[in-house]
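Student: Let me give you the structure first, and then I'll get to my questions.
In this note's numbering, the protein residues as written are 453 to 574.
Take a look at the structure:
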């Protein structure tokens with residue numbers, strides 16, 4: 453359920469970032485455009501799997517709202533109505549974690565750099 457709400461928001465964030473890259477007039481915008489394309493592809497693949505999982509479990513999101521406090525979704529599961537909500541702080545943290553996982557980057561930097569520092573004895 454959570455993935456079906458978060459992944460479209462990740463796609464929105466990435467599209468907004470793409471527009472920011474275009475406006476920034478960078479020297480090598482193609483690299484950033486390719487990076488955003490690969491992130492969008494990864495998110496779309498996950499979204500497709502999440503939607504398939506919802507269908508397999510007889511679930512359907514029929515209403516989604518973005519409020520001042522966060523995001524709320526109403527969904528149907530085997531004939532019963534349920535509510536799901538996430539505060540914006542958690543939404544942001546989940547989006548950052550997902551994008552970092554797509555990039556194989558930890559919250560403190562590149563894993564290869566951190567591994568080299570640990571094995572360095574310094």
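Just so it is clear, CB atoms sit at the ideal spot from N, CA and C, and this is done for glycine as well.
Go ahead and label residue 532 buried or exposed: buried means 16 or more other beta carbons lie within 10 angstroms of its beta carbon, across all protein chains shown.
Tutor: Exposed.
Student: According to DSSP, is residue 530 part of a helix, a strand, or is it coil?
Tutor: coil
Student: Residue 515 lies in the beta strand (DSSP E); which residues open and close that run?
Tutor: 511-518
Student: Roughly how many angstroms lie between the CA atoms of residue 519 and residue 538, to the nearest whole one?
Tutor: 10 Å
Student: What is the residue span of the alpha helix (DSSP H) that residue 454 lies within?
Tutor: 454-476
Student: Please list, in chain order, all residues of the same chain as residue 463 whose beta carbon is under 8 Å from its beta carbon, the five residues on each side excluded.
Tutor: Excluding residues up to 5 positions away in sequence, 492, 495, 496 and 499 lie with their Cβ nearer than 8 Å to the Cβ of residue 463 in the same chain.
Student: Going by the DSSP bridge assignment, what does residue 537 pair with across the sheet?
Tutor: For residue 537, the beta-bridge partners assigned by DSSP are 524.
Student: So, are the CB atoms of residue 513 and residue 458 less than 9 Å apart?
Tutor: Result no, Cβ atoms of residue 513 and residue 458 do not sit closer than 9 Å.
Student: Between the Cα of residue 508 and the Cα atoms of 530, 550, 474 and 476, which residue gives the shortest distance?
Tutor: 530
Student: Taking the continuous alpha helix (DSSP H) assigned at residue 500, which residues delimit it?
Tutor: 481-508
Student: From residue 523 to residue 480, what does the alpha carbon distance come to, in whole angstroms?
Tutor: 35 Å
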